[in-house]
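J.:
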Amino acid sequence: MQNDIDLQETQEWREAFASVVAQAGPDRARFILDELSSQANGLRLGWRPSAVTPYVNTISVDEQPVFPGDLDLEQQLASLMRWNALAMVVRANRLTGELGGHIASYASAADLFEVGFNHFWRAGRQGDLVFMQAHSAPGVYARAYLEGRLTEHDLSFYRRELAAQKAVALGEVPAGTRGLSSYPHPYSMPDFWQFPTASMGLGPVQSIYQARFMRYLTDRAQHDCSGRRVWGIFGDGEMDEPESMSALTMAAREGLDNLTWVVNCNLQRLDGPVRGNGRIIDELETLFVGAGWRVIKLIWGSDWDGLFARDHAGVLTQALGQTVDGQMQTFAAKDGRYNRETFFGQHPALAALVQGMTDEQIDGLKRGGHDMVKIYAAYAAAIQTKGQPTVILAHTKKGYGMGQAGQGRMTTHSNKKLENDDLLAFRDRFGLPLSDEQVLGLSFYKPADGSRPLEYLRERRQQLGGSLPQRQTDAPVFQVPEIAAHGQFALAADGKEMSTTMAFVRQLGALLKDPVIGPKVVPIVADEARTFGMANLFKQVGIYSSVGQRYSPEDIGSVLSYREAKDGQILEEGISEAGAISSWIAAATSYAVHGQPMVPFYIFYSMFGFQRIGDLIWAAADQNPRGFLLGATSGRTTLAGEGLQHQDGTSLLWAATVPNCRSYDPAFAGELAVLVQHGLQEMLEQQKDVFYYVTMTNANYAQPSFDLNQAEAVVQGGYLLKAEGQGAPCTILASGAVMTEALQAFDELVRKGRRVYLYSITSYCELARQAASQADCHLQGLLAQSQGPIVAVSDWVRAVPEQIRAYLPADRSFTVLATDGFGCSDTRSALREKFGVDANAIVGAVERIV
Ligand SMILES: Cc1ncc(C[n+]2csc(CCOP(=O)(O)OP(=O)(O)O)c2C)c(N)n1
C-alpha cells in the first residue's frame with residue numbers, strides 16, 4: 005500500500021463521497037464508483053478494486069431480520085446436541101481407542117447446523133438436498149436422537165456397525181438397534197444419509213452438479229425441481245481440494261441461485277491453521293467473488309455490534325484486518341485476559357473500546373458462526389439471492405466450548421478423549437442439566453417426551469417437512485422396450501464391420517427415440533463426443549444449455565450441426581471428468597433424490613475414468629447409483645498410436661474393486677446390445693441397485709449376428725462362441741477387441757489339426773464373483789463344455805483374467821497373455837506383437853503347452 009502523500013486531499017475526497025452516500029443514497033454512490041472505475045480503466049491506470057472487503061459482517065445490523073425462533077430454547081437444544089455428540093465419540097473411544105471420531109469439527113459447526121435444521125432445511129422429495137461435512141456426523145446423529153429417530157442404543161454403537169448386528173442377534177439390545185457409520189454413507193445407512201461427503205472435496209463438486217441437474221430436469225420438463233435447494237456445509241481446509249474449486253465458475257455461469265454453501269471457517273484443518281500466515285476468509289472471498297458467487301461474510305457475533313458502533317475511527321476493523329489466522333487461532337485458544345492484553349492492547353483506542361468489559365465478557369465475545377441470530381440473517385439473505393450461487397463464510401472457533409481440552413488448540417481435530425475435568429467444564433460452559441456422575445459416566449441426555457424443548461424441536465421439523473437427512477428410494481417403474489427395438493442391427497449384424505463404440509452410439513440413438521425410456525436417457529460427455537462418433541446426437545437431441553443458443557453455429561447447415569437448446573438432452577461438460585461424473589451421479593441417483601428415475605450414459609476415454617476420478621466413482625457407488633459408465637477407446641493395444649497415458653489396460657481391474665459395479669468387456673455389438681438391455685431392465689424395471697461399466701473399442705471389425713439364447717450367458721460373464729477341428733483339444737478365452745486375434749488363432753490352430761474351443765469372456769469379474777459365492781457357478785458349467793489347456797488373451801493387465809484362476813478345474817492348465825506395463829505409440833499389430841497378445845502369440849502359447 006502506498007503512503008498517503010496528501011492527507012488533506014484524501015480527506016476531501018472521502019467527505020465528498022460520504023456526502024453522496026448520505027444525500028443521494030447507495031445506488032447513486034455505486035454509480036459514481038462504476039463511473040470512476042471505468043474512467044480509471046480508460047486512462048490505463050492499471051487499477052482494480054480489491055475483492056476483499058473489511059473483516060466484518062456483510063449483513064449490517066439494520067439489515068438483520070428479527071430472529072423468528074425461541075433463541076434460548078434453540079441454544080439449549082444446541083448444547084444438548086453438542087454434549088450427546090461429544091459423549092458418543094468419547095464413549096466409543098473409551099471402549100477402544102482404535103475407533104476414532106471427531107469432536108472439534110461439530111463443536112465449531114453446531115450452530116451453523118442448528119439454524120439450518122430449525123429454520124431452513126426442508127425435508128422430503130420437494131425439500132432440500134443438504135451435503136453435510138462428514139466429520140460433523142456425530143452432531144447429526146445427536147440431533148436424530150433428540151428427534152427420536154435414533155435410540156440411545158444406536159448411539160452407543162457409533163462406529164461399531166458389526167457389533168450392533170451381533171448384539172441384536174444375541175438379544176443384548178432391542179431389535180432394530182443399528183450401528184452408526186463413521187461418516188455419511190448412504191450405502192451403510194440407506195434410509196438416513198443421502199450424500200457421501202467423507203472424501204473431502206467430493207461433496208462440494210457433487211453439490212454443484214446436483215443443483216445444475218435440478219435445472220436440467222426442470223428445463224427438460226422431466227421433473228419440477230424449481231422449489232428445491234442444495235445446501236452444503238463444508239470445511240475451510242476442504243476448500244484446498246481441487247475438486248472443491250473445480251466447478252465454481254460453472255455454478256456462477258449457470259446462475260445457480262438454488263445453491264448455498266456454508267464454509268465453516270474455523271481457521272484450522274487437521275495439522276494446524278489453514279492459512280497461518282494469511283487469512284483464509286479473505287482468500288476465499290476473492291476466489292468466490294472472482295468466480296461470480298455472492299459472498300456473505302459472517303464474521304462476528306451480536307456482542308461485537310456495540311464495539312463496531314463505537315469504533316468511529318475504524319481502529320478495530322483495521323486491527324482485525326491485520327491479524328493473520330495463526331494469531332486469530334491463538335486468540336481462540338487463550339482467555340479474555342490474554343485477548344485484552346494482546347489484541348485490544350495493541351492501540352489505546354482499542355483498549356478503550358473494551359474498557360468497561362470484564363475478562364470473562366471479552367472471552368465470551370462470539371464469532372459470527374456461533375451466533376444464531378447472525379447465522380439466521382446470513383442464511384435468510386442467501387436464499388433470497390437471485391441469479392447467482394451464494395457462499396457464506398462463517399467465522400468460528402475449532403473445538404468451540406472444549407476449553408483447555410481443545411478450543412483453538414493445534415491438536416484439537418484429533419482429540420477424541422476428554423479428561424474428567426474437561427468434561428465437567430464442558431457441562432458448566434453450556435449449562436447442561438447433568439450431575440457429575442452423569443457427566444463422568446458419559447450419559448446421553450434427552451429431555452422428557454412432551455417437554456418444551458423436545459416439542460419445539462419436533463414442531464420446527466414438522467414445519468420443514470419432517471426429519472433430515474432422510475433417503476427415500478421408492479420410484480416409479482418404467483417398461484423397457486424389447487431389445488429388437490434398439491439393438492436389432494447388432495443382433496443381426498451378419499458380418500457387417502463396425503466398432504463396438506459405433507454400435508453403442510447407434511443403439512443409444514435408437515433408445516433416445518423410445519417414447520418411454522428415451523426422455524429418461526441422459527447422455528454425458530466430457531468434450532469427446534466427436535471422438536466417439538456421437539456428433540449426430542447434437543442435432544438429434546441437442547446439448548443442454550440453460551440459455552438456449554445465443555449464436556448461429558458455424559455449421560448451421562450441416563446435419564450434424566452443433567445445437568444447444570434449453571431442452572437439450574446431452575450434458576456436454578467440457579474437459580472435466582470430475583464434472584461429468586458428478587452429473588452422472590446426480591442422474592444416477594435421481595430415482596432416490598427426486599423419485600424420478602433417469603438413465604445416465606457417461607461415455608469417456610476409459611483411461612480417464614477410474615484412474616482419473618476413481619474416488620468419485622467410489623462415492624457414486626456409496627449412493628447406489630443406477631446408470632451406465634462407458635469406457636470408450638479401451639484396451640492397451642487397441643487404442644493404437646495414443647501412447648502410454650491414453651492406452652488403458654487397467655480400468656477393468658479398478659472396476660472390479662467396486663462391489664456394486666458390474667463390469668464388462670464385450671467383443672461384439674450383439675453382446676453390448678444385450679448388456680445395455682439387461683442393465684436397463686435391472687435398473688428401471690427391477691429397480692436393482694446396480695451400475696454398469698462397459699468397455700468399448702474403436703477397432704472396426706466384422707460383427708457376427710448374435711444368438712439371443714446366449715444373452716443370459718453374456719450377462720453372467722461368457723459363452724462358448726465356437727468349437728471346431730479334430731485333434732488335441734485346447735481352449736481359448738478372449739474378450740474385447742483382441743477377440744479378432746483369437747479368431748485368427750482359432751482358424752490357424754484348427755488348420756494345424758487341433759480341436760479348438762473359443763469363448764467370448766464378457767466379464768472375468770462377474771465370473772469370479774459368482775464363483776467365489778456359489779459352488780454351482782456359471783464358470784464351471786461353461787468350462788465343462790470344452791477340453792484341453794486354457795489360454796486367456798486379454799488387452800488388459802494380467803490380473804484381469806487372473807481373477808478366475810482359483811475357480812478353474814484342477815486338471816486344466818491356465819496361461820494368461822496380457823498387456824502389463826506401459827503402452828507406447830505404434831500400430832495395433834506392432835503393439836500386439838510387443839505385448840504378445842496377437843494371433844501368433846496365442847498359437848505359440850497353445851503349442852508350447854502341449
Ligand atoms: C480426501 C481426504 N483427505 C483427507 C481426509 C482426512 N481429513 C478428515 S477431516 C480433515 C481436516 C478437515 O479440515 P477442515 O476442512 O478445515 O474442517 P474442520 O474439521 O476444521 O471443520 C482431514 C484432513 C479426508 N477425509 N478426505
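5 is the number of the first residue of the sequence shown in our numbering; add one for each residue after it. Glycine included, every Cβ here is placed at the ideal spot set by N, Cα and C. Since this is a predicted model, take the numbers as computed values, not measurements.
Any idea if Lys726 is buried or exposed, counting beta-carbon neighbours within 10 angstroms, 16 or more meaning buried?
T.: So Lys726 ends up on the exposed side.
J.: When DSSP labels each residue in this structure, what does Phe710 get in the three-state scheme?
T.: coil
J.: Assuming Met700 contacts Thr504 (C-beta within less than 8 Å), just tell me the rounded distance between them.
T.: Between Met700 and Thr504, the beta carbon gap of about 4 Å places them in contact (Cβ cut-off 8 Å).
J.: Using a threshold of 7 Å, is the CB atom of Gly239 nearer than that to any non-hydrogen atom of ligand 1?
T.: A heavy atom of ligand 1 is found nearer than 7 Å to the CB of Gly239.
J.: Would you mind sorting Arg630 into buried or exposed? The rule is 16 or more other CB atoms within 10 Å of its CB.
T.: Per the 10 Å Cβ criterion, buried.
J.: At the level of alpha carbons, what is the spacing between Arg98 and Gly143?
T.: Straight-line Cα distance between these residues: approximately 19 Å.
J.: Please report the distance separating the alpha-carbon of Ala843 from that of Asn702.
T.: 19 Å
J.: With respect to the alpha helix (DSSP H) encompassing Ser655, which residues constitute its N-terminal and C-terminal limits?
T.: 655 to 660
J.: Measure the Cβ-Cβ separation of Gly583 and Glu568 and say whether it is below 8 Å.
T.: no
J.: Which two residues bound the contiguous beta strand (DSSP E) that contains Ile853?
T.: From DSSP, Ile853 is part of no beta strand (DSSP E) but of the alpha helix (DSSP H) over 843 to 853.
J.: Go ahead and pull the three-state DSSP assignment for Val597.
T.: Three-state result, Val597: helix.
J.: For the beta strand (DSSP E) holding Gly722, just list the boundary residues, first then last.
T.: 722 to 728
J.: Would you tell me roughly how many angstroms separate the C-alpha atoms of Leu81 and Arg153, rounded to the nearest one?
T.: 16 Å
J.: I need the straight-line Cα distance from Gly647 to Gly639, nearest angstrom please.
T.: 12 Å
J.: Using a Cβ-Cβ cut-off of 8 Å (strictly less than) and excluding sequence neighbours within five positions of Leu77, which residues of its own chain qualify?
T.: Arg456, Pro457, Tyr460
J.: Report the three-state DSSP secondary structure of Pro813 (helix, strand or coil).
T.: In the structure shown, Pro813 sits in coil (DSSP, three-state: anything other than H, G, I, E or B).
J.: Ignoring anything shorter than 3 residues or poking outside the region 514 to 542, list the beta strand (DSSP E) runs there in chain order.
T.: You should have 525 to 529.
J.: Count the other CB atoms, across all protein chains shown, that sit within 10 Å of the CB of Glu247; report buried if there are 16 or more and exposed otherwise.
T.: With 16 or more other Cβ atoms within 10 Å, it is buried.
J.: So, under 8 Å CB-CB, Ala479 and Gln627 are touching, yes? Tell me the CB distance rounded to an integer number of Å.
T.: Rounded, the Cβ-Cβ distance is 14 Å, inconsistent with contact.
J.: Terminal residues of the continuous beta strand (DSSP E) containing Gly635?
T.: 631 to 636
J.: In the DSSP output, which residue or residues are listed as bridge partners for His399?
T.: Cys269
J.: Taking a contact to mean a Cβ-Cβ separation below 8 Å, would you say Arg759 touches Gly731 in this structure?
T.: yes
J.: Taking 8 Å as the threshold, find out whether the region 761 to 775 comes into contact with the region 669 to 688 through three or more Cβ pairs.
T.: Short answer: they touch.
J.: Between Trp588 and Lys524, what straight-line distance do the alpha-carbon atoms span, to the nearest angstrom?
T.: 13 Å
J.: Of all the options Asp652, Leu737, Asp31, Tyr595, which has the alpha carbon lying nearest to the alpha carbon of Arg616?
T.: Asp652
J.: Between Glu577, Gln483, Pro200, Pro519, which lies nearest to Ala533 when the distance is taken from Cα to Cα?
T.: Shortest Cα-Cα distance from Ala533 to any of Glu577, Gln483, Pro200, Pro519 involves Glu577.
J.: Mark Phe750 as exposed unless 16 or more other C-beta atoms lie within 10 angstroms of its C-beta, in which case mark it buried.
T.: buried
J.: Between which two residues does the alpha helix (DSSP H) holding Gly143 run?
T.: 141 to 150
J.: Examine the Cβ distances between the region 291 to 305 and the region 347 to 361 and report whether three or more of them are shorter than 8 Å.
T.: no
J.: Let me check you understand the geometry: is the CB of Val144 closer than 7 Å to at least one non-hydrogen atom of ligand 1?
T.: no
J.: Is it buried or exposed for Trp235, if we count other Cβ within 10 angstroms and need 16 for buried?
T.: buried
J.: Where DSSP assigns a beta bridge to Pro604, which residues make up the other side?
T.: Within the DSSP bridge table, the entry for Pro604 names Val526 as partners.
J.: With DSSP run on the structure shown, which of helix, strand or coil describes Trp235?
T.: strand
J.: Should Tyr555 go down as buried or exposed, given a rule of 16 or more other Cβ atoms within 10 Å for buried?
T.: exposed
J.: Please say whether Val694 and Leu753 have beta carbons closer to each other than 8 Å?
T.: no
J.: Is it a yes or a no for the region 385 to 399 touching the region 260 to 279, going by three-plus beta-carbon pairs under 8 Å?
T.: When Cβ pairs closer than 8 Å are counted between the two stretches, the region 385 to 399 is seen to touch the region 260 to 279, the count reaching three or more.
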